[in-house]
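A quick write-up on the structure given underneath.
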Amino acid sequence: MSQITLSHAGPGTFRCIEITGEGEPAIRLKRMGICSGRHITIVQSGDPMILRVVGARIGLSRELAATVIVDSNGVNTDHVASAANASCNGENRD
Amino acid sequence: MTEICHESNASVPPPHAVNPDGATVALVGNPNTGKTTLFNKLTGLRAKTANFPGITVDLRSGRVKLPSGYVKVVDLPGLYSLQAVSPEEQVTVNALAGDLAENPVPDVVVLVLDATNLERNLVLASEVLDLRLPTVVALNQSDAARVADIRIDVSQLSDELKCQVVPVSARTGEGLDSLRLIVDETLSGKLPILAQDHQSCTVGCTGCTFAARFDWAERVSSDNIQVPPTQGRRTDAIDRVLTKPVVGVAAFMSIMLVVFYLIFSLANIPMDMVDGAFGTMGASAERLIPKGPVHAGLWFGTVFCLSISLLAAGYAAAGISYSRRNSVTAIAIAIAVSLLPVEDFRSLLVDGVIGGVGGVIIFLPQICILFFFISLLEDSGYMARAAFVMERLMQFVGLPGKAFVPMLSAHACAIPGIMAARVIENWRDRLVTILVLPLLTCSARLPVYTMIAALLFSDSPFNAAMVFVGAYVLGIAAALLSAWCLKKTILRGVPIPLVIELPSYRIPSVRNALATVIDRGTVFVRQAGTVILMISVVLWALATYPKRPDSPTADAALEQSAAEEEEALAYSFAGRAGRLVEPIFRPLGFDWKINVGVLTSFAAREVVVSTFAIVYGIGEDSAEHEATLVETLRRQTRPDGSPVFTKATGFSLLVFFVLAMQCLPTQAVTKRETGSWKWAVFQLVYMSAMAYVAALVTFQSCTALGF
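In the order they appear, the protein sequences are chains A and B. Taken in order, the first sequence gives residues 1 to 94; the numbers are from our numbering. Taken in order, the second sequence gives residues 1001 to 1707; the numbers are from our numbering.
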């Protein structure tokens, strides 16, 4: 499984592996759902970028995106639609 | 995921019964869940804002009638997690723990969850449920969820959360009766307290507690909710335009331009009304006070009662308690006022109290209109986009994008700007923003700019307009530069990069906007009734006393001539102070009369215009006639015969008024929002120093260039 930071990821949906930062910035990320295990969809790239995480749109600066490690193999899009919309119909994604 | 979560089967708290009358109910929820709408709907517009000692956060609370009595409902600031990262969030955490001054642990927690965004909201819910307080879940926006075809199995969700779940709509009022009933039953112990052993992830979880909570939230929501895949398409479509780097900034600027146009055009009518009302009040006060000799005892009694009732009203507004010292002070002031000669009393009432407070209250309409629109924009979800698109530009000075709206507001008046700075989560960033806001050109500076522009370039409208443009640009540049310097020096801190929720767009609530207007307007009026009143009276006393020994008697003083007004001011403390500081201000090109203007305009900048009218001997009433005033100013000469108001003096005065902290009401609000006079004093000192140096450089270089 190869890993990249979210700041280097292109459009698509990725599974978050970990947050490398610590302290307040890390808490601010995690409480928004940018946290290990979540699926993160990049809606708009740039700085700041727009993500879709746990059913909400989140604006995120590139600087913080660099502390988010994701699986470089995107998640297939069917899965994305349901994950992003918080409607995972009981499927087990592990 | 069960291996990382566990069933916490801790002992169930004993069934408790609280007398609902006087009990405290706390509303808790994520930002953007419609929690405040729910609060406004429950309490009507009768909420009170409480300010606790030591914290700078306002808590709104109101009485709500339940079937078996009245309860106090507190609207706690919204938060995403109990791991607080802003002063507001910390207040919520403390309130839930019962650590907030005077507030016990709430008897019932109403957890407000957004039905259209439930999975995300469940994370905070799991943290709050772990506190094991009696909790009722209000599933807000359930009407919107129904429209969007989001299906929630409420009874199953209630079983899962182990607490009562009530679908409500704060907007329409749907479900509020059941919510009141269930809160009532929870309080009186009629409902069995369900064992709150939801699968929590507090102890024994490996790794990040957030990951475990999100896993739990995902499972609960996937078991109980069905969301159609089209959810959020409309918001996405709007955002494709409004969050683009260039188009987004342009859209934001256009929106704010419209808002400002509305503020300045709509505020005119109520401002004229306030002006007229205070004018009438002054005139009738002048008429009511007897002109001839009065019975000393009767006079003393009447004035004493009047002063005491005014002071009592002031104390009530400021929330000052009646300690022995406060009561003695009030009585002493009332006696002193009653002993004033009739003439002085008239002047105190008309010029000091009515004139002083009126000069500040006139900005109330602008402040109210500004907050009305800010609240609408915030409620619609747009403000998050504004912060998002401004983030990159604001990062150049080290401030977050959220600082931009307070900065724009400060162009109407610094006071609403400072109050709006609460949206900035990080305390350091908020403080820096508050400290630099008064540098931006507010509307109280406009009469001063008008006077100076007329003085400098009455023959060239273009140049006069350029004076205005230059003053605005100087203010903005000074604010941004100061922010940058503060961030590099005394308020150094790691920059806080942006993480912001961009909530779904919705139709804003006029009711919420009105609640905000009443809330912020009251704060401003309270300040005007207390601190500002005190400042006005002190400045009045400085400009009135000591009186010239040969001053005309009461009868003659009624029609004081312009020359007598001038002499009286010159003889007063203010006049003497103006002469005293003359050596300090001479390098700026100011003579002692300008100094008097600078000193008397400490409460409000626009006062300098009327002070000039008095001190240059054309009488206060002539201040309205700009041409007369400007002509008179032009004629002024220094002892050596050279004119006072050269181009160099004009520019120096302009620069001074752009940069100086000539506004004590703003200082009072800075103190209120930062929680200490320390930052208010710092603001005064750094701005005055900057104004002095900049005016010095302006005057000296202009003189050197031969202007």
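Using N, Cα and C, we set each Cβ at its ideal position, and we do this for glycine too. What you are looking at is a predicted structure, and each value in this text was computed from that prediction instead of being measured.
* If you compare alpha carbons, which of A:Thr67, A:Arg62 and A:Ala56 is closest to B:Pro1031? -> Relative to the Cα of B:Pro1031, the nearest Cα in the group A:Thr67, A:Arg62 and A:Ala56 belongs to A:Ala56.
* Asked: Using a Cβ-Cβ distance under 7 Å, would A:Pro48 count as near chain B?
  -> Cβ-Cβ to chain B under 7 Å: yes for A:Pro48.
* To do: Reducing DSSP to helix, strand and coil, say where A:His39 ends up.
  => Strand at A:His39.
* My guess is that B:Ala1695 and B:Val1655 are in contact by the Cβ rule of under 8 Å, so how many angstroms apart are they, rounded? -> The Cβ separation is near 5 Å, so the contact holds.
* To do: State the CB to CB distance for the pair B:Val1073 and B:Thr1043, rounded to an integer number of angstroms; the pair is presumed to be in contact (CB under 8 Å).
  => Taking the Cβ atoms as the reference, B:Val1073 lies roughly 6 Å from B:Thr1043, within the contact range of under 8 Å.
* To do: Would you mind sorting B:Arg1638 into buried or exposed? The rule is 16 or more other CB atoms within 10 Å of its CB.
  => Burial call: exposed.
* Kindly indicate which three-state DSSP category B:Gly1204 falls into: helix, strand or coil? => With a pLDDT of only 40 at B:Gly1204, under the threshold of 50, the placement of this residue in the model should not be trusted; the figure read from the coordinates follows. When secondary structure is reduced to three states using DSSP, B:Gly1204 falls in the coil class, being assigned neither helix nor strand.
* B:Cys1368 and B:Cys1413: beta carbons closer than 7 Å? -> No, they are not a contact pair.
* Mind checking which residues open and close the alpha helix (DSSP H) that includes B:Tyr1080? => For B:Tyr1080, no alpha helix (DSSP H) segment is defined, and its DSSP state is neither H nor E.
* Relative to the alpha-carbon of A:Gln44, which residue among B:Val1259, B:Glu1565, B:Gly1398 and B:Pro1245 has its alpha-carbon at the smallest distance? -> Closest option to A:Gln44, Cα to Cα, is B:Pro1245.
* Asked: Would A:Ser36 count as contacting chain B if we go by Cβ distances under 7 Å?
  -> Nearest CB-CB separation between A:Ser36 and chain B: below the 7 Å threshold.
* To do: Have a look at B:Pro1508 and B:Pro1067 and give me their C-alpha separation to the nearest angstrom.
  => If I take the Cα positions, the gap works out to 31 Å.
* Stretch-stretch touch, CB-based, cutoff 8 Å, three pairs: the region 1109 to 1119 of chain B with the region 1021 to 1039 of chain B -> Result yes; three or more Cβ-Cβ pairs closer than 8 Å.
* Asked: How would you write the range of the beta strand (DSSP E) that B:Lys1065 sits in, first residue to last?
  -> Its beta strand (DSSP E) spans residues Asp1058 to Leu1066.
* Residues that B:Met1661 bridges to, as DSSP identifies them -> According to DSSP, which records beta bridges pairwise, B:Met1661 is partnered with nothing at all.
* Asked: Which residues in chain B sit within 7 Å of A:Val54, going by Cβ to Cβ distance?
  -> Here the neighbours are Glu1119, Arg1120 and Phe1214.
* Would you list, in chain order, the members of the region 1400 to 1421 of chain B that have their beta-carbon closer than 8 Å to a beta-carbon of chain A? => Listed in sequence order: no entries.
* Asked: Relative to the ligand ZN, is the shortest distance from any of its heavy atoms to the C-beta of B:Val1436 smaller than 6 Å?
  -> With respect to the ligand ZN, the structure offers nothing, as it holds no ligand at all.
* For B:Lys1402, which residues does DSSP report across the bridge? -> Per DSSP, none; premise fails for B:Lys1402.
* To do: Could you have a look at B:Ser1504 and say whether DSSP puts it in helix, strand or coil?
  => Here DSSP, grouped into helix, strand and coil, assigns B:Ser1504 to coil.
* Residues that A:Glu63 contacts on chain B, provided the C-beta gap is smaller than 7 Å -> Against chain B, the beta carbon of A:Glu63 has neighbours under 7 Å at Pro1497, listed in chain order.
* Asked: How close, in whole Å, do the beta carbons of B:Thr1105 and B:Leu1139 come, if the pair is a contact with beta carbons under 8 Å?
  -> For clarity, residue 1105 of chain B is Val in the given sequence; the question names Thr instead. Actually they do not touch by this definition, with Cβ atoms about 24 Å apart.
* CA-CA distance, B:Ala1195 and B:Asp1379? -> Because the pLDDT at B:Ala1195 is just 48, under 50, the model does not fix this residue reliably, and the point stays unresolved.
* Using 7 Å as the limit for Cβ to Cβ distance, is B:Tyr1080 near chain A? -> Yes, B:Tyr1080 counts as interfacial toward chain A.
* 7 Å Cβ cut-off: residues of chain A touching B:Pro1031 -> In chain order: nothing, as chain A lies at least about 11 Å away.
* Asked: Between the C-alpha atoms of B:Asp1591 and B:Ala1689, what's the straight-line distance to the nearest angstrom?
  -> In this structure, the CA atom of B:Asp1591 is about 19 Å from the CA atom of B:Ala1689.
* Output yes or no for whether 7 Å exceeds the beta carbon distance between B:Val1389 and B:Phe1252. => Pairing B:Val1389 with B:Phe1252 gives a Cβ-Cβ distance under 7 Å.
* To do: May I ask you to report which of helix, strand or coil DSSP gives B:Ala1556?
  => Because B:Ala1556 sits at a pLDDT of 47, beneath the cut-off of 50, its placement in the model cannot be relied upon, and the point is left open.
* For chain A, find out if any of its Cβ atoms is closer than 7 Å to the Cβ of B:Ile1500; answer yes or no. => Nearest CB-CB separation between B:Ile1500 and chain A: below the 7 Å threshold.
* For B:Asp1184, is the classification buried or exposed, using 16 other Cβ atoms within 10 angstroms of its Cβ as the cut-off for buried? -> By the 16-neighbour rule on beta-carbons within 10 angstroms, B:Asp1184 is buried.
* Supposed close pair B:Ala1613, B:Ala1660 - CB separation, criterion 8 Å -> B:Ala1613 to B:Ala1660, Cβ: 20 Å. No contact.
* To do: Within 10 angstroms of the Cβ of B:Pro1438, are there 16 or more other Cβ atoms? Answer buried if so, exposed if not.
  => Here B:Pro1438 is buried. Its C-beta has 16 or more other C-beta atoms within 10 Å.
* Using 7 Å as the limit for Cβ to Cβ distance, is B:Val1093 near chain A? -> Chain A has no Cβ within less than 7 Å of the Cβ of B:Val1093.
* **Residues bridged to B:Ser1169 (per DSSP)** => Secondary-structure assignment with DSSP links B:Ser1169 through a beta bridge to B:Glu1174.
* Host beta strand (DSSP E) of B:Val1714 (start-end) -> Chain B is shown from 1001 up to 1707; residue 1714 of chain B falls before or after that span and cannot be answered.
* Asked: When you compare only the Cα positions, how much space is there between B:Asn1224 and B:Val1154?
  -> Computed Cα separation, rounded: 8 Å.
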